[in-house]
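Chains as they are written, first to last, in my numbering: chain W, 0 to 102; chain E, 0 to 102.
The beta carbon of each residue, even a glycine, is placed where N, CA and C say it ideally should be.
Protein chains: 2
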Amino acid sequence: MILEIAEIDVKTGSETAFEAAVTEATSLFAAAKGCQGMELHRGIEAPSQYVLMVKWNTLEDHTVTFRGSPEFSRWRELAGPHFAKPPQVRHVQLAVRTNGNSG
Amino acid sequence: MILEIAEIDVKTGSETAFEAAVTEATSLFAAAKGCQGMELHRGIEAPSQYVLMVKWNTLEDHTVTFRGSPEFSRWRELAGPHFAKPPQVRHVQLAVRTNGNSG
Chain W
0 MILEIAEIDV KTGSETAFEA AVTEATSLFA AAKGCQGMEL HRGIEAPSQY
50 VLMVKWNTLE DHTVTFRGSP EFSRWRELAG PHFAKPPQVR HVQLAVRTNG
100 NSG
Chain E
0 MILEIAEIDV KTGSETAFEA AVTEATSLFA AAKGCQGMEL HRGIEAPSQY
50 VLMVKWNTLE DHTVTFRGSP EFSRWRELAG PHFAKPPQVR HVQLAVRTNG
100 NSG
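Written as structure tokens, this is what we have:
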């Protein structure tokens, strides 16, 4: 499993519309090959800054299959108009983890 | 629940030692008040760049209680020597999520 982390800065004032667009787009991710789930997180210190995290089975499920699909075009159609600048995307993989005591 | 995201750039060549230090530090997070779990992710495009994600019940559990505790000093003692520069820390909260089909 790999995790896509996309930093998305949204135009000030577009936060509610952006979240509605992402909610509409959830079905695109839910149906995508190799997608294990998606979460959109909103910044507390900077509420126009979002972090989109998507779990994929493999890097190629994201960078090749999803990006080459009509679903990706639709995702960009829905979310893109709210971007303040192009998102910064990277991929990470789990190195260490632990459970807490309050979860 | 809030999510702490810390961007940690590690000195080149220190990656293995850093991961061992974080592994040793897992007990500090597991025991911390309000901590729901911790994950360390390693960059695929940039393998010296790590993302530490810690789930906390409240912002204050991290910024006040944990940072003021002896466990935080011990965490920095273990991990700090491997930092290439001071980590960048922010907090986010969940806005939208969906499950995938492969998880």
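Among the options, the one whose alpha carbon lies nearest that of residue i
i	options	result
V53 (chain W)	W:K32, W:K84 and W:R96	W:K32
E76 (chain E)	E:T11, E:E14 and E:V21	E:V21
T15 (chain W)	W:P86, W:N100 and W:P80	W:P80
A5 (chain W)	W:F28, W:P85 and W:T64	W:P85
W74 (chain E)	E:T11, E:E23, E:T97 and E:E3	E:E23
E70 (chain W)	W:Q87, W:I7, W:T25 and W:G12	W:T25
M37 (chain W)	W:E3, W:D60 and W:P46	W:E3
D60 (chain W)	W:G12, W:F28 and W:F17	W:F28
F17 (chain W)	W:S101, W:A30, W:C34 and W:S47	W:S47
Classification of residue i by the beta-carbon crowding that lies within 10 angstroms, buried from 16 upward
i	result
A19 (chain W)	exposed
V9 (chain W)	buried
A78 (chain W)	buried
G67 (chain E)	exposed
T97 (chain E)	buried
G99 (chain E)	buried
Q87 (chain E)	exposed
Contact belief for residue i with residue j at Cβ below 8 Å, rounded distance in angstroms
i	j	result
L58 (chain E)	I1 (chain E)	5 Å
F65 (chain W)	I7 (chain W)	In fact, because the Cβ distance is near 16 Å, the residues do not count as touching under 8 Å.
S101 (chain E)	Q35 (chain W)	5 Å
is_contact[residue i, chain W] using C-beta, thresh 7 Å
i	result
L39 (chain E)	yes
R75 (chain E)	no
E44 (chain E)	yes
A94 (chain E)	yes
R89 (chain E)	yes
T57 (chain E)	no
E18 (chain E)	yes
V63 (chain E)	no
V9 (chain E)	no
T22 (chain E)	yes
F99 (chain E)	One detail in the question is off: residue 99 (chain E) reads as Gly in this sequence, not Phe. Yes, contact with chain W.
Residue i at chain E interface by Cβ criterion, 7 Å
i	result
G12 (chain W)	no
A5 (chain W)	no
V50 (chain W)	yes
F28 (chain W)	yes
S47 (chain W)	no
S72 (chain W)	no
G79 (chain W)	no
T25 (chain W)	yes
G33 (chain W)	yes
G67 (chain W)	no
Between the stretch 31-47 of chain E and the stretch 80-92 of chain W, do three or more beta carbon pairs fall short of 8 Å?
yes
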